[in-house]
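See below for the structure under consideration.
There are 2 protein chains.
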Amino acid sequence: MGDINRKEDINTAMPDSVGLVERKYITFGTAEDPFILENRQTLPEVTTCYEMYGEMNPSADNVILVTHGLTGSSHAAGKFKPDSKYTGYWESLIGPGKVFDTNRYCVIAPNVLGGCRGTTGPSSINPLTGSPYGLSFPIITIRDMVRVQKRVLEELGVNRLKLVVGGSMGGMQALEWGVIYPDMVDAICPIASAARTSAQCIAFDECMRRAIMLDPKWNKGEYHNGEAPAGGLALARMIGTITYLSDPIMQKMFGRKPAMQESPYEHDLHARFDVERYLHEEGDLLVRRFDANSYLYITRAIDLHDISRGYGSVEKALMRIKAKALLIGIRSDILFYPHHIQEMHRQMLELGIDVSYWEMDSDYGHDAFLVEQEKMIPPLLEFMNRIDC
Amino acid sequence: MGDINRKEDINTAMPDSVGLVERKYITFGTAEDPFILENRQTLPEVTTCYEMYGEMNPSADNVILVTHGLTGSSHAAGKFKPDSKYTGYWESLIGPGKVFDTNRYCVIAPNVLGGCRGTTGPSSINPLTGSPYGLSFPIITIRDMVRVQKRVLEELGVNRLKLVVGGSMGGMQALEWGVIYPDMVDAICPIASAARTSAQCIAFDECMRRAIMLDPKWNKGEYHNGEAPAGGLALARMIGTITYLSDPIMQKMFGRKPAMQESPYEHDLHARFDVERYLHEEGDLLVRRFDANSYLYITRAIDLHDISRGYGSVEKALMRIKAKALLIGIRSDILFYPHHIQEMHRQMLELGIDVSYWEMDSDYGHDAFLVEQEKMIPPLLEFMNRIDC
Chain D
-4 MGDINRKEDI NTAMPDSVGL VERKYITFGT AEDPFILENR QTLPEVTTCY EMYGEMNPSA
56 DNVILVTHGL TGSSHAAGKF KPDSKYTGYW ESLIGPGKVF DTNRYCVIAP NVLGGCRGTT
116 GPSSINPLTG SPYGLSFPII TIRDMVRVQK RVLEELGVNR LKLVVGGSMG GMQALEWGVI
176 YPDMVDAICP IASAARTSAQ CIAFDECMRR AIMLDPKWNK GEYHNGEAPA GGLALARMIG
236 TITYLSDPIM QKMFGRKPAM QESPYEHDLH ARFDVERYLH EEGDLLVRRF DANSYLYITR
296 AIDLHDISRG YGSVEKALMR IKAKALLIGI RSDILFYPHH IQEMHRQMLE LGIDVSYWEM
356 DSDYGHDAFL VEQEKMIPPL LEFMNRIDC
Chain W
-4 MGDINRKEDI NTAMPDSVGL VERKYITFGT AEDPFILENR QTLPEVTTCY EMYGEMNPSA
56 DNVILVTHGL TGSSHAAGKF KPDSKYTGYW ESLIGPGKVF DTNRYCVIAP NVLGGCRGTT
116 GPSSINPLTG SPYGLSFPII TIRDMVRVQK RVLEELGVNR LKLVVGGSMG GMQALEWGVI
176 YPDMVDAICP IASAARTSAQ CIAFDECMRR AIMLDPKWNK GEYHNGEAPA GGLALARMIG
236 TITYLSDPIM QKMFGRKPAM QESPYEHDLH ARFDVERYLH EEGDLLVRRF DANSYLYITR
296 AIDLHDISRG YGSVEKALMR IKAKALLIGI RSDILFYPHH IQEMHRQMLE LGIDVSYWEM
356 DSDYGHDAFL VEQEKMIPPL LEFMNRIDC
């Protein structure tokens, strides 16, 4: 049986899912006509990996752009194989009849510039040298990621977006879309994100980078012919994992449970706690699917996120936004605290922007935009109605 | 001029200080009569470094025990040298006429077991082998630290404590004193501490340990003949430093300031942020004064802190306390959240313990018990009056 039949099978089995999906690629740029980054450095060639769910209408004005977080990918919905255990990360939000309704909208989900999941990044081969970029990859910004996405959309014939929506670093991209291309977007929905990255978030990012660089296998980014710096990247992820949760949820999930029932720590003071086991697992899982240099470049792009850059102030940047906006914060988020998002909401209201703020009541911390995505359906549905009218 | 004259000079120059101080040492234990730890392992010899401020009265019943945090030392007040820039860490609280009044009380401040500031720890020489313990040092607990302190006090002829007071890990010791030696203590004051360590705190501790162990110079703890794992220990401290502050204070102190005025990041996207410079400095400073293996053992002791151990429940442990208690929390503390301390306060009230809770209004996070120690003077003065009457 060919792919088409298998796709029909899975679509029948998952009636409210986009079903089987595949990665697509678009490449642009040449040595003579390179992509120019915000800092004036260049990339001779940029490939973007993306997924597309639902049909684009003839006027190409039914497109929703879904942007992902730090270690995310283009895989926002559906499955790659019928027997896969895993669906895309926003399976509850994207699909036929869902809040991002693929019967009506065409959802495009690109992997970011600097990434390692199909889009050009530091582990890509530099066409000018024939070797992986490593640390010769230029510093990139969230704005560069967005500018690459605009080029990709142009290649697809899309000149206007119905909505840009994403969580965490995906929210930074949504916000930048509203600021730098105000005439191209009807609506933006940045989730668990901010107008600029806080000092505390930069501090965690720097600790994560230092963890990678401390691993001797990192070898100043030149590890492509040897072993990857798994220990360093795993530690970076362990640190990140704490910031994606919250004190209450960690108490609920782990508390002081020992990792193994057969070795209760009352009897063995050296025993590992369950929370440690969890961090180790999270670290090891990331190592299998992510590149250490990408982690360095993308966390730096997050640090550099500041919509005011080039516009003089956050207010002046926000003033450019013409899109309707829904800002979502998470009560227990310790990475993008609600009060920062509330402040941006206040500023946007004062500027007369059509904006609303909704706060998710969740103990899950930053990760709630993934773990408890269903909670966002009511405010998102309301927002979709506001956009459509 | 001898030391005494110099001491008088400095005492004249610092009228409200304990002035010049010196480290003292007490050693106990032999191979035949070793110190037995909570987990039944033994130490053939334990040396404790301590400082003492003020005079012990003949009945030895005016002693205040001051216990320190993770990377602290016995140096709680005064100066080691007249020209030293640095005083002990609680200079505003300990001294003649101060809240811990050395005209009335004898303050004893010991360095903890497992440490590296004069008390036996993993960098000490094992008298049975003639080599540093390294990872052959047994796992220790907060309770072991307290049990060593009790032995030291016995050597000094002290059978009763007026007060045990300390912040962070020092607070854990104060609490354990109240629980395991209820008949020896009149009062306890645990500051920014908890009845047991939270999952989030254990998680941060494990990341810090992994940072040290990731450094190839750590060499499974056998680095005493080579270079110390400075990179790993510095990263551990960087992580810790974030948890000792708070989002609001980091925004105030650093925000998005670039590290160097001559390289504003608007023009150089690769520039280092000031918050990164601060973390690097904090990391490098700790490396000069702390031992990596001690960091591993002491953070593990913090993880294992749980006053319920051996008593069945936190309530049953708290029930043992006969001391008057003042619990202090810090509003912005993200390591020992006020709500955990409030819960302990509620439990203690229900058990009929003479306890009060005071919350410091500070943006400085966990570190406020050091940085804004003056703010604690009014509630501490009130508590001292409550003890005295």
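Chains D and W are the protein sequences, given in the same order. If you're matching positions, the first sequence starts at -4 in the numbering used here and goes up one per residue. If you're matching positions, the second sequence starts at -4 in the numbering used here and goes up one per residue. By construction, the Cβ of each residue, glycine as well, lies at the ideal position given by its N, Cα and C atoms. For clarity, every value in this text was computed on a predicted model and none was experimentally measured.
Asked, Found
"Counting only runs that start and end within the region 302 to 332 of chain W, where is the beta strand (DSSP E) found for 3 or more residues in a row?", "319 to 325"
"For W:Asn0, is the classification buried or exposed, using 16 other Cβ atoms within 10 angstroms of its Cβ as the cut-off for buried?", "Bear in mind that a pLDDT of 41 at W:Asn0, under 50, signals an unreliable position, so the model cannot answer this."
"Does the contact criterion of 3 or more C-beta pairs under 8 Å hold for the region 93 to 111 of chain D versus the region 138 to 145 of chain D?", "yes"
"Checking the sheet assignment: what are the DSSP bridge partners for D:Tyr45?", "D:Lys19, D:Pro105"
"Give the residues of chain D in contact with W:Arg99, contact being defined as C-beta atoms less than 9 Å apart.", "Here the premise fails: no neighbours, minimum Cβ distance about 39 Å."
"Apart from the five residues on each side of it in sequence, which residues of its chain come closer than 6 Å, Cβ to Cβ, to W:Gly116?", "Gly109, Gly110, Ser289"
"So if DSSP puts W:Gly125 in a beta bridge, which residue, or which two residues, is it bridged to?", "Per DSSP, none; premise fails for W:Gly125."
"For the region 283 to 303 of chain D, list every residue whose C-beta sits within 7 Å of some C-beta in chain W, in sequence order.", "Asp298, Leu299, Asp301"
"Check each candidate in D:Phe30, D:Leu209, D:Gly152 and name the one with the smallest Cα separation from D:Met51.", "D:Gly152"
"Smallest Cα separation from W:Leu228: which of W:Val282, W:Glu171, W:Thr124?", "W:Val282"
"How long is the line joining the alpha carbons of D:Gly64 and W:Ala72, rounded to whole angstroms?", "48 Å"
"Compare the C-alpha of W:Glu354 against each of W:Phe364, W:Gly347, W:Pro39, W:Ile348 and name the closest.", "W:Phe364"
"I want to see whether chain D comes within less than 9 Å of W:Tyr359, judged by CB atoms only; does it?", "no"
"Rank W:Ala190, W:Leu60, W:Cys44, W:Met164 by C-alpha distance to the C-alpha of W:Tyr239 and give the top, closest one.", "W:Met164"
"Taking buried to mean at least 16 other C-beta atoms within 10 Å of its own C-beta, is D:Leu280 buried or exposed?", "exposed"
"D:Leu60 lies in the alpha helix (DSSP H); which residues open and close that run?", "No alpha helix (DSSP H) contains D:Leu60, which is instead part of the beta strand (DSSP E) from 58 to 62."
"Near D:Val171, which residues of its chain fall below 7 Å by C-beta distance, leaving aside the five closest residues on each side in sequence?", "Per the sequence presented here, residue 171 of chain D reads as Glu, with Val not at that position. If we look at D:Glu171 and ignore the five residues flanking it on each side, its Cβ neighbours are Ile137, Arg138, Val141, Ile302."
"Whole angstroms is fine: what's the gap from W:Glu345's alpha carbon to W:Ala318's?", "15 Å"
"Tell me, please, which residues DSSP counts as bridged to W:Leu280.", "In DSSP, W:Leu280 forms no bridge with anything."
"Taking all protein chains shown into account, decide if D:Gly83 is buried (16 or more other Cβ within 10 angstroms of its Cβ) or exposed.", "buried"
"Where do the ends of the beta strand (DSSP E) carrying W:Pro185 lie?", "182 to 186"
"Using Cβ-Cβ distances below 9 Å, what residues of the region 322 to 342 of chain D are close to chain W?", "Ile329, Tyr332, His334, His335"
"Check whether chain D comes within 9 Å of W:Leu240, counting only Cβ atoms and requiring the distance to be less than that.", "yes"
"List the residues of chain W whose Cβ lies closer than 7 Å to the Cβ of D:Val270, in chain order.", "Ala194, Ile197, Ala198"
"Any Cβ of chain D within less than 9 Å of the Cβ of W:Ile316?", "no"
"Applying the criterion that 16 or more other CB atoms from any shown protein chain within 10 Å of the CB defines a buried residue, is W:Gly161 buried or exposed?", "buried"
"Should D:Gly92 go down as buried or exposed, given a rule of 16 or more other Cβ atoms within 10 Å for buried?", "exposed"
"Can you list, in chain order, the residues of its chain whose CB lies under 7 Å from that of W:Arg99, leaving out five sequence neighbours each side?", "Asn57"
"Look up D:Lys93 in the DSSP assignment and give the residues it is bridged to.", "D:Lys93 is not bridged to any residue."
"Closest Cβ-Cβ distance between W:Ala363 and chain D: below 9 Å?", "no"
"Taking one C-beta from the region 183 to 200 of chain W and one from the region 293 to 300 of chain W each time, how about it: are there three or more such pairs within less than 8 Å?", "yes"
"On the DSSP letters alone, give me the boundaries of the beta strand (DSSP E) that W:Tyr352 sits inside.", "350 to 355"
"What number of angstroms, rounded off, separates the C-alpha of W:Thr37 from the C-alpha of W:Phe30?", "5 Å"
"What are the residues of the region 216 to 242 of chain W that lie near chain D, defined by any Cβ-Cβ distance shorter than 7 Å?", "Gly226, Gly227, Leu230, Met233, Ile234, Ile237, Asp242"
"Using a C-beta cutoff of 9 Å, does D:Phe249 count as contacting chain W?", "yes"
"Anyone know if the C-beta pair for D:Arg204 and D:Leu291 falls short of 9 Å?", "yes"
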